[in-house]
Each structure stands twice: as C-alpha cells, then as structure tokens.
C-alpha cells in the first residue's frame with residue numbers, strides 16, 4: 005500500500021493551517037458518517053427500528069440512537085466498527101517483535117525504507133486481526149438474531165460470515181488510508197486523530213448519562229459538582245505531564261548547544277493496558293489485597309516499557325555519533341544521566357497511570373456517578389484527547405514557522421521514529437548554517453514512541469536539501485550501523 009503520509013514538498017497551499025484543519029475535520033466527519041453503513045447482509049430497516057426502540061425518549065430519540073450506534077454493542081453491526089484499533093494493536097505487536105529480535109531490529113533500521121517496511125508489516129498484521137475480529141462479530145450477530153425477535157440478517161451462514169470478514173477488513177484498511185491522508189494534508193497524527201474522534205463520542209455519551217442520572221434524582225448536585233472539579237484538576241494534571249520533560253543540555257566541540265528531552269509520555273498508556281489485561285486474566289477485584297499494590301506494579305511496568313522503547317544505550321551512541329557531550333554533568337557519564345532521567349519519567353508516568361486506573365473504579369462508589377461517565381478518566385479517554393491536542397498544537401506551530409520563513413519551498417529530508425534523533429540532526433544542521441525544522445507526528449499517550457505510527461519529519465529549504473543530505477549521509481550511515 006502506498007504511504008500516503010509522506011509530503012515531500014511543502015509550498016503554497018500545503019502550508020496553509022486553515023486548509024489543513026478543514027481537511028482534518030472533513031475526514032473526521034466522513035469517518036463518523038461511515039458508522040451508519042452496516043455490514044453487508046444486515047437488514048438496515050430492521051436494525052434501525054431496533055435501535056430506535058431502545059430510545060423511548062422522543063426529544064432525544066435520534067441523538068440516543070446515534071450514540072448507541074457509536075458506543076454500545078450495536079456498533080459491531082457497523083461496517084466501520086473495528087475502527088483504527090487493529091492497526092494500533094498491529095503496531096504494538098511489531099514493536100514487541102523488533103525488541104525480541106534485535107537482529108531484525110538492526111536490519112530494519114539500517115534500511116533507508118525501514119519505517120515504510122515496518123508499516124507494511126503492521127498493515128498485514130492489522131488485516132489479519134481485522135479478519136479475526138470480523139468473524140467473531142459475524143458469529144455474535146447470528147447469535148443475537150437467534151435470541152431476539154428481530155430478523156436482522158438476510159441470510160445467516162457461511163456467506164454472511166465471509167461478507168462480514170471481507171467488508172470489515174477492507175473498512176479497517178480504509179482507516180489506515182484516511183490516517184495517511186490526514187498526515188499528508190491535515191493536522192495531527194493520522195491514527196491519533198481518527199482514534200480520538202471516537203473518544204469524543206464517548207465523552208459526549210458520558211456527560212449525557214451523568215445528566216440523565218441527575219435528572220432522575222439518582223445523584224445529588226454536590227456530587228455532580230465534585231465530579232466536575234475532579235475533571236478540571238485531572239485535565240490540568242494530564243496536560244502538565246504531557247508537556248513536561250527532563251531536559252539534557254548537550255554541547256558540541258564547536259560549543260553549539262542543544263536541548264534533548266526525555267518525556268513521561270513516551271511509553272504511552274500501554275503499561276496500564278498490559279497491567280489491566282493481567283489483572284483481568286487473574287480476576288483481581290477491589291476486595292483483593294494486591295489491588296492496592298497496583299500502583300507499584302504499574303510504575304515497574306512503565307519503567308520496563310520505557311526502557312524497551314527508549315533504550316538509553318541507543319541514545320548514548322546517537323549523542324556520541326554527532327559529537328555531543330552532556331553539559332553540566334562533568335563527573336557523570338552520559339549513560340548514567342540518561343538512565344536517571346528515564347527512571348524519573350517512568351515514575352511520573354506510572355503515578356499518572358495509577359491515578360487513571362483508580363479513578364474510574366472508585367468515583368462511582370464515592371460519588372454515586374454512573375461508571376459510563378467516569379470511564380472518560382480511563383486509559384483511552386481524556387488522556388489521549390489531551391495528548392492529541394498537544395500534538396496538533398505542535399504541528400500548527402511548525403506550519404506557522406514555515407509560513408513566516410523567507411524561504412517558501414521546503415523539502416522532506418528524512419522521517420525518524422523518535423523525537424530525539426530528529427531534533428539532534430536538526431540541531432546538527434542548524435549548527436552548520438542549514439535551516440531545518442521538525443514536524444512531530446506522534447499519538448501522545450495513545451502510542452509509545454518508535455512505532456510505525458510515530459513519525460518526526462525533518463524538513464529543510466529545497467535549495468539546501470542536497471547539501472543537507474550529503475552532510476548527514478556519513479552520520480546516518482554511522483548511526484544505522486550502531487542502531488540496536
């Protein structure tokens with residue numbers, strides 16, 4: 005499949021922030037409207053009749069039906085029900101494979117088209133996962149028809165199952181194309197934007213359920229007020245940790261300075277996802293004593309995951325390859341500084357993920373708030389929405405810099421899988437009087453760094469591209485040989 009995310013030239017309308025925002029909104033609207041398309045073989049008339057019958061309140065009948073189609077189990081009947089999640093899972097699987105097979109990892113990152121190759125592998129895995137999910141959904145649909153009084157399926161059996169698998173796998177592939185188009189013509193990380201569009205629907209649903217709870221006198225005004233206070237404080241804490249980084253000042257032999265960042269968000273929410281999966285497997289509940297030791301488990305998981313995706317030794321070699329040394333730590337090795345800061349960021353990340361784990365579970369008990377409302381504090385709730393908003397803000401700042409620069413034509417040099425490698429090469433070019441800018445495209449919190457989803461695009465003015473390529477060629481070759 006063609007990599008739609010690559011924009012080799014930035015000039016004229018390509019740089020317009022307004023056009024990119026409008027294009028992104030258009031894709032989001034198209035995706036949300038696509039949820040009204042049902043899987044081939046489902047009787048749309050019967051299905052929507054069933055959906056409306058579950059929403060007895062006449063003024064909000066259609067709104068509730070739309071929410072049910074996007075949020076509830078009825079979304080499985082939608083052609084777009086799998087969303088972008090199979091591709092997200094595939095990227096995580098590929099990342100784990102590259103960690104478990106260091107030789108494969110070295111080979112991939114030594115290739116000039118290594119990132120594109122990883123995306124192709126992730127695409128194939130995503131299609132396989134989509135097919136398995138779709139087959140399971142087809143069986144669930146047939147089972148639902150058997151226990152209900154509605155004739156939902158025109159003709160149940162192998163043909164319906166095959167149609168379900170083919171159509172839903174194709175729809176999941178279409179999401180990947182949409183994500184690439186957003187990265188090329190829109191604003192934000194494509195996978196993140198599509199994923200967050202569904203999170204927004206969940207948030208709307210959660211506030212709607214909270215209002216219904218209050219209207220039916222099942223909760224008090226002071227409890228609703230406390231809910232919103234916790235919400236505001238939570239948003240502030242997540243935002244502060246999203247923009248937070250431990251800064252390491254590097255200095256070259258020519259006394260050029262560069263700041264490298266280590267961020268708590270680099271491991272994403274996936275340490276929490278893994279811990280939740282393990283706890284669910286062993287059926288651990290609030291009554292178990294180990295329940296209150298979960299923060300320690302999450303922090304240890306965050307540290308392990310950050311070590312896996314961050315790899316301090318790799319950054320140590322990267323710094324040396326570019327001729328930098330750490331400023332302000334005369335008596336400390338670079339590797340020790342990197343390890344110390346990565347541990348600190350893992351602790352901060354683990355503390356936030358522990359809060360995210362406990363809030364949705366304890367708030368319904370303490371405040372008598374419906375669980376569907378507190379679920380927005382979970383791993384795939386507000387935290388990924390805030391992370392995606394921050395990435396959009398960074399990209400808007402990038403395009404504004406390009407717009408205001410005297411040189412109006414910019415070309416893509418390289419696409420990196422992590423921020424530090426892109427920023428250190430940007431600093432290297434700037435120190436040699438070559439203008440360079442980095443467009444960050446990372447699903448902050450939603451995905452860990454160094455996956456096929458993440459991309460840091462290094463651009464330079466078109467007239468300086470050849471000079472920059474020649475200057476970086478030797479450094480890139482040296483780096484690829486040392487990549488772990």
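Residue numbers (the working numbering): 5 to 488.
Idealized CB from N, CA, C, for every residue including glycine.
Check	Outcome
Cβ contact (3+ pairs, closer than 8 Å) linking the segment 372-383 and the segment 220-239	yes
Three-state secondary structure (DSSP) of residue 265	strand
CA-to-CA distance, residue 139 to residue 173, given in whole angstroms	10 Å
For residue 459, the three-state DSSP class (helix, strand or coil)	strand
Cα-Cα separation between residue 258 and residue 328, rounded to whole angstroms	9 Å
Residue 95 versus 156, 346, 119, 416, residue with shortest Cα-Cα distance	119
Limits of the unbroken alpha helix (DSSP H) element including residue 248	Element bounds for residue 248: n/a, residue is neither H nor E.
Cβ neighbours of residue 467 in the same chain (closer than 8 Å, five flanking residues each side left out)	411, 413
Residue 416 at chain C interface by Cβ criterion, 9 Å	Looking for chain C here will not work: only one protein chain is present.
contact_flag[the segment 401-408, the segment 375-385] where n(CB pairs < 8 Å) is 3 or more	no
Strand pairing of residue 465, partner residues [DSSP]	414
Pairwise C-alpha distance: residue 388 and residue 416	28 Å
Best match in 470, 141, 355 for proximity to residue 167 [C-alpha to C-alpha]	141
Beta carbon of residue 302 nearer than 9 Å to that of residue 276	yes
Option in 472, 306, 454, 253 with minimal Cα separation from residue 353	306
Distance between residue 51 and residue 133 (C-alpha atoms, nearest Å)	26 Å
The ligand NAP heavy atom lying under 8 Å from the CB of residue 249	This structure does not include the ligand NAP; it has no bound ligands of any sort.
Residue 127 versus residue 221 - alpha carbon distance	49 Å
Best match in 211, 179, 319, 459 for proximity to residue 386 [C-alpha to C-alpha]	211
Start and end residues, alpha helix (DSSP H) containing residue 36	21-38
DSSP beta-bridge partners of residue 441	463
Beta-carbon spacing of residue 464, residue 456 below 9 Å	no
CA-to-CA distance, residue 462 to residue 441, given in whole angstroms	6 Å
CA-to-CA distance, residue 80 to residue 47, given in whole angstroms	14 Å
Which of helix, strand or coil DSSP assigns to residue 208	helix
First and last residue of the uninterrupted beta strand (DSSP E) at residue 330	328-330
C-alpha distance - residue 488 paired with residue 426, whole-angstrom precision	Unreliable positioning characterises residue 488 in this predicted model, as indicated by a pLDDT of 42, which lies under 50. A coordinate reading is not provided.
Cα-Cα separation between residue 62 and residue 84, rounded to whole angstroms	Bear in mind that a pLDDT of 49 at residue 62, under 50, signals an unreliable position, so the model cannot answer this.
Nonlocal neighbours in the same chain, by C-beta distance under 8 Å from residue 243, ignoring five residues either side	390, 394
Residue span of the alpha helix (DSSP H) that contains residue 395, given as start and end	386-408
Boundaries (first-last residue) of the alpha helix (DSSP H) holding residue 434	423-435
Start and end residues, alpha helix (DSSP H) containing residue 184	162-189
Whole-angstrom distance between residue 267 and residue 382, CA atom to CA atom	20 Å
Whether residue 31 touches residue 198 by CB criterion (9 Å)	yes
Buried or exposed (CB count within 10 angstroms, at least 16 for buried), residue 430	buried
Alpha-carbon to alpha-carbon, residue 129 and residue 196	19 Å
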